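Here is the structure we will look at.
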Amino acid sequence: MAITITEAAAQRARSFLEQRGKGVGIRLGVKTTGCSGLAYVMEFVDEVDDTDTIIEDKGVNIVIDGKSLVYLDGTEIDFVKEGLNEGFEFRNPNAKGECGCGESFNV
């Protein structure tokens, strides 16, 4: 199982964690929602659960719950800026399609 993070995303995640002043990493998961069925969820992690998998890449701990891992295997997390918009982007080889607004995906 592999989840990777680009240098741009790692810098942004480290910056968020430093500004926050606490946390062991970022949690990446999926939830059921949207037109296509699944959406990415990203949040700070203060405590790791026994069922979590921790992947360290470029100095960032990426924490994934067991249920989400199967949908996220092989995903690359990037941080992109386009004009006035910026945010994390997920390149997921398991995604078979996305909704028109880009908020959700299906596998």
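Per the UniProt record's numbering, the sequence shown runs over residues 1 to 107.
Glycine included, C-beta positions come from ideal geometry on N, C-alpha and C.
These numbers were taken from a predicted model, which means no experiment stands behind them.
Rounded Cβ spacing between residue i and residue j (contact assumed at less than 8 Å)
{"i": "Val63", "j": "Asp50", "result": "Their Cβ separation, rounded to whole angstroms, is 12 Å, which puts Val63 and Asp50 out of contact at 8 Å."}
{"i": "residue 111", "j": "Gly29", "result": "Residue numbering for the chain in the displayed model covers 1 to 107; residue 111 lies beyond these limits and cannot be assessed."}
Same chain only: Cβ atoms within 7 Å of residue i, ignoring 5 sequence neighbours per side
{"i": "Phe90", "result": "Tyr40, Thr75, Ile77"}
{"i": "Ala9", "result": "Ile77, Asp78, Phe79, Phe88"}
{"i": "Lys58", "result": "Ile5, Glu7, Ala10"}
The alpha helix (DSSP H) enclosing residue i, as first and last residue numbers
{"i": "Gly66", "result": "66-72"}
{"i": "Leu84", "result": "Per DSSP, Leu84 belongs to no alpha helix (DSSP H) and is neither H nor E."}
Delimiting residues of the beta strand (DSSP E) encompassing residue i
{"i": "Ala39", "result": "37-45"}
{"i": "Leu28", "result": "25-33"}
{"i": "Ile3", "result": "Premise fails: Ile3 is in no beta strand (DSSP E) and is neither H nor E."}
{"i": "Asp57", "result": "53-57"}
C-alpha distance - residue i paired with residue j, whole-angstrom precision
{"i": "Thr4", "j": "Arg20", "result": "23 Å"}
{"i": "Asp67", "j": "Thr6", "result": "The residue you asked about is not Asp; residue 67 is Lys in the sequence shown. Whole-angstrom Cα-Cα distance: 24 Å."}
{"i": "Leu17", "j": "Met42", "result": "13 Å"}
{"i": "Arg27", "j": "Phe44", "result": "6 Å"}
{"i": "Glu86", "j": "Arg12", "result": "11 Å"}
{"i": "Lys81", "j": "Val60", "result": "20 Å"}
{"i": "Asn92", "j": "Leu84", "result": "24 Å"}
Beta-carbon proximity list for residue i, same chain, < 8 Å, skipping 5 on both sides
{"i": "Glu47", "result": "Val24"}
{"i": "Lys31", "result": "Leu38, Ala39, Val41"}
Sequence-distant residues of its chain with Cβ nearer than 6 Å to residue i (five each side left out)
{"i": "Ile55", "result": "Ile3, Ile62"}
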